[in-house]
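Residue numbers (the numbering used here), protein chains in the order written: chain A, 341 to 617; chain B, 183 to 458.
From the three backbone atoms N, C-alpha and C, an ideal C-beta is built for every residue, glycine too.
Being a predicted model, the structure only gives us computed values, none of them experimental.
Inspection log for the structure reproduced underneath, given as structure tokens.
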């Protein structure tokens, strides 16, 4: 939104110039029906100029693209830094690096006395006031990733189904067939119970960002900020915070990591089956 | 209203004024009245954008059916109240709700006696809310420290103004109610000054909730998201929190915060005003 002054200035000048043409050019050179068109365009530009205070990011794509689906950016919203401990974003000529710090808090209010609860609330107050620069504190409730477990169960079911088919083809004894069918029923029941509902995890993390003209500069500044925050968090709560790296970062930025795909698919299939029944 | 907005408003209304002066150039016929009509519409639009820009702008995009792609694979719907992402045929819709928790929970390090009970109750209330929610959500507190000297100067200026009001009220023999009201305001300001003097840091906070819903279609995801947002609002009502669904430009800003935060407080303060 940094360029909104430029957009405003351009639009307001264009609007004033058109209004000036309407007011001062004699009707001999500019017929009245042309003047009313210029008058309306001038007012539209004026309204857009005011709108640019908050919507500058939309105005130029709207004017350029002139369609119902406007693309503000075709690029990925972020990229992972080479060290894998920050995400990077381009902002004009600069880069913004964002680091995520995990805060391992395992205390529950149900186990606390009143003075401990008060102490905990005051600790949260101190945490929020730790930094002079913008810092974000987040508590996230997300669905536990049971993808690999569900995948394993599905593989087992497929294997057992194959076994059953082979036994049937070979005219195997009834006891063998029953045993395989029992196994199949067991795996199916297990898959059913696993996918019956979501299991949740709660985690707390802190986000810090820093700007730099180069990727490494932004990254190292963000890391430095993160280290300062970590020492503050450590002294407030007495826990060892850590910088989140690699794949774990995605849980905080991508919606599909909040709700893992096969866990969700299993749940949707189950809902549909229940609706059909 | 911040200074920039005042400048924008003044310049925009100056062009409208210029338009009134230019009306004579349209003659005295029907074009004159069309000109007046458009001028009035522009004034109304600018004033409406000044006070309720998010609602007005989202109504316009909703009527025109305009959607936005803020980044690759993401989409902001025409109502501008959700960010949608499609992954392998599953739609993920994310919505935001303001949730400015009690000021005493986060702002005051040394809570006054009457707030102590609420601070004791806060952790348990929070846990009860989390236990009753069965979908993913995030609670964010975006905080930034403020310049202690600036805040102190500002508060001292306010206190001087109240002192002046008090002396004027006493000279004019104003009623006891007016004098008590001024004294109450003065003591509130003095309490803030005292807290800063005791070493408490003034901070600005922005608190909001984020929730993500899934669906096999865009509509299903949005419907589930609406239900989740309503449940979040209901759950957090037990904490006496004012919750407002975030729409328009502030939704776009919060979407961007998932990937990078503003690095200065000034940048942050210009993004939010009405919904936060």
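| Asked | Found |
| --- | --- |
| Under the rule that 16 or more other beta-carbon atoms within 10 Å means buried, what is residue 305 of chain B, buried or exposed? | buried |
| For residue 387 of chain A, go through chain B and note every residue whose CB falls closer than 7 Å to its CB, in chain order. | 224, 227 and 228 |
| Could you tell me which of B:442, B:202, B:259 and B:184 sits nearest to residue 232 of chain B, measuring between CA atoms? | B:184 |
| Which partner residues of residue 275 of chain B appear in the DSSP bridge assignment? | B:266 and B:395 |
| Using a C-beta cutoff of 8 Å, does residue 533 of chain A count as contacting chain B? | no |
| Just curious, the alpha helix (DSSP H) that residue 395 of chain A is in, first and last residue? | 372-405 |
| Which residues does DSSP list as the beta-bridge partners of residue 251 of chain B? | A:411 |
| Looking at the unbroken alpha helix (DSSP H) that takes in residue 365 of chain A, where does it start and where does it end? | Segment: none, residue 365 of chain A is in no alpha helix (DSSP H) and carries neither H nor E. |
| By Cβ distance, which residues of its chain are closer than 6 Å to residue 195 of chain B, with the 5 residues on each side in sequence left out? | none |
| Going by CA-CA distance only, name the one from A:505, A:536, A:509 and A:513 that's closest to residue 524 of chain A. | A:505 |
| Tell me the residue span of the beta strand (DSSP E) that contains residue 440 of chain A. | 434-443 |
| Relative to chain B, which residues along the segment 405-425 of chain A have a C-beta separation below 7 Å, given in chain order? | 408, 409, 410, 411, 412, 413, 414, 415, 416, 417 and 418 |
| Counting beta carbon pairs with one atom in the segment 436-449 of chain A and one in the segment 534-553 of chain A, are three or more of them shorter than 8 Å? | yes |
| Which residues in chain A sit within 7 Å of residue 426 of chain B, going by Cβ to Cβ distance? | Neighbours of residue 426 of chain B on chain A: none; closest Cβ ~17 Å, over 7 Å. |
| From residue 403 of chain A to residue 352 of chain A, what distance separates their C-alpha atoms? | 16 Å |
| For residue 350 of chain B, which residues in chain A fall below 9 Å Cβ to Cβ? | The contacting residues do not exist; residue 350 of chain B stays about 37 Å from chain A at best. |
| If we cut at 8 Å on Cβ distances, does residue 572 of chain A have a partner in chain B? | no |
| Quick one: Cα of residue 449 of chain B to Cα of residue 332 of chain B, how far? | 17 Å |
| Could you tell me whether the Cβ atoms of residue 428 of chain A and residue 419 of chain A are closer together than 8 Å? | yes |
| To the nearest angstrom, report how far apart residue 555 of chain A and residue 278 of chain B are at their CA atoms. | 30 Å |
| Going by the CB atoms, is the gap between residue 386 of chain A and residue 224 of chain B shorter than 8 Å? | yes |
| Name the two residues that bound the continuous alpha helix (DSSP H) containing residue 418 of chain B. | 400-418 |
| With DSSP as the reference, label residue 512 of chain A as helix, strand or coil. | coil |
| In its own chain, which residues sit with a C-beta less than 7 Å from the C-beta of residue 440 of chain B, not counting the 5 before and 5 after it? | none |
| So, are the CB atoms of residue 532 of chain A and residue 520 of chain A less than 8 Å apart? | no |
| Assuming contact is defined by CB atoms lying nearer than 8 Å, are residue 473 of chain A and residue 326 of chain B in contact in what I supplied? | yes |
| Smallest Cα separation from residue 550 of chain A: which of A:578, A:407 and A:438? | A:438 |
| Using a beta-carbon distance cut-off of less than 9 Å, what residues from the segment 469-494 of chain A approach chain B? | 469, 470, 471, 472, 473, 474, 475, 476, 477, 478, 479, 480, 481, 482 and 483 |
| Say whether the segment 400-416 of chain B touches the segment 207-223 of chain B, bearing in mind that this needs 3 or more beta-carbon pairs closer than 8 Å, one atom from each stretch. | no |
| If you measure between the beta carbons of residue 379 of chain A and residue 190 of chain B, is that distance less than 8 Å? | no |
| Helix, strand or coil: how does DSSP classify residue 349 of chain A here? | helix |
| Do residue 408 of chain A and residue 248 of chain B count as a contact pair if the criterion is CB distance below 8 Å? | yes |
| For residue 545 of chain A, write down the residues that DSSP places opposite it in a beta bridge. | A:442 and A:478 |
| Count the other C-beta atoms from every protein chain shown that fall within 10 angstroms of the C-beta of residue 369 of chain A, then say buried if there are 16 or more, exposed otherwise. | exposed |
| Would residue 394 of chain B pass as a contact of residue 274 of chain B if the rule is Cβ separation under 8 Å? | yes |
| Short of 7 Å Cβ to Cβ, which residues in the segment 360-391 of chain B face chain A? | 383, 385 and 387 |
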